[in-house]
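See below for the structure under consideration.
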Amino acid sequence: MRIIGDRLFIDLPGSGEPSPDGRIDGGTAWGTHLTDIAATGLLLGTTSDMETVAMMLDVSKRVADPGVIDAESGRNAWTSAYEQLEHDALVDLNQVRAASLHRAFKANGALAADGRAETRRLLGLDATTIVDSYEADAALAAARALDEPNAGEPVEPSIRLPAGVDATSLATLLSEHATEIAQARTRFLNDVTQTITDRR
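According to my numbering, the sequence shown is numbered sequentially starting from 2.
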């Protein structure tokens with residue numbers, strides 16, 4: 002695995018088995034932009050960049066994105082995550098009235114408790130592991146304060162990495178580019194969340 006420019010590339014080993022056309026599966030390379038890692042992490046509510054990459058690999062392997070769910074409204078699997086992101090940004094800005102008008106919905110039109118969980122469900126991912134970023138930071142700080150032997154080490158993501166992808170190497174590689182990913186995360190938030198003033 003390597004990062005070239007602003008792209009992460011991971012070599013995925015093949016099965017070694019012949020395909021129906023007689024070619025041997027020797028593996029493939031998977032790539033994504035660092036900005037995609039930042040955006041997808043926010044939309045899926047992951048606790049780390051490594052977990053984000055693991056989920057991206059899982060979805061791409063299974064081709065799990067259902068596409069457009071409602072042709073009339075244009076809703077897709079990602080719509081509720083964007084709605085949740087906008088709602089959370091408004092809450093963070095203490096724009097309570099505006100936040101109450103920007104809620105996440107399920108594909109059937111019902112309110113979603115968490116739009117990120119709805120997106121995960123529609124993509125076939127584990128929807129129960131969403132952790133607020135503040136809670137994740139607090140847990141890491143508590144582990145370091147208690148001087149746990151594994152504090153600060155990469156935690157296995159909720160979705161397993163494919164065979165042959167080393168979690169420690171991936172975590173190290175991503176941490177070397179953490180500043181770039183954090184900047185991309187900030188740019189993404191600024192681009193997708195409108196500043197709406199709460200006029201009382």
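Built from N, CA and C at the ideal position, the CB exists for glycine as well. Given the structure is predicted, the values throughout are model-derived calculations rather than measurements.
- Note on the stretch 6-84: whole beta strand (DSSP E) runs with a minimum of 3 residues are 8-13, 29-34 and 69-71, in chain order.
- For D167, no alpha helix (DSSP H) run applies, since DSSP gives it neither H nor E.
- In the three-state DSSP reduction, I160 falls in the coil class, being neither helix nor strand.
- Beta-bridge partners assigned by DSSP to R3: F10.
- Here Q184 is exposed. Its C-beta has fewer than 16 other C-beta atoms within 10 Å.
- With a beta-carbon spacing of about 6 angstroms, L86 and V193 fall inside the 8 angstroms limit used to define contacts.
- Per DSSP, the continuous alpha helix (DSSP H) segment holding D192 begins and ends at A179 to V193.
- Straight across, the Cα-Cα distance linking G42 with V97 is about 25 angstroms.
- Between the C-alpha atoms of I70 and G116 there is a straight-line separation of about 15 angstroms.
- In this structure, I160 lies away from M2, with their beta-carbon atoms at least 8 angstroms apart.
- Sequence-distant Cβ neighbours of T53 in its own chain, meaning closer than 6 angstroms and more than five residues away, are I38, T41, G42 and T47.
- One Cα belongs to A90, the other to A30, and the distance between them is close to 35 angstroms.
- Of E73, H178, L171 and S101, the smallest CA-CA separation from D12 is found for L171.
- Residue state for A114 is assigned as coil, using DSSP reduced to three classes.
- In the three-state scheme derived from DSSP, where H, G and I count as helix and E and B as strand, D93 is classed as helix.
- D59 and L162 have their C-alpha atoms roughly 8 angstroms apart.
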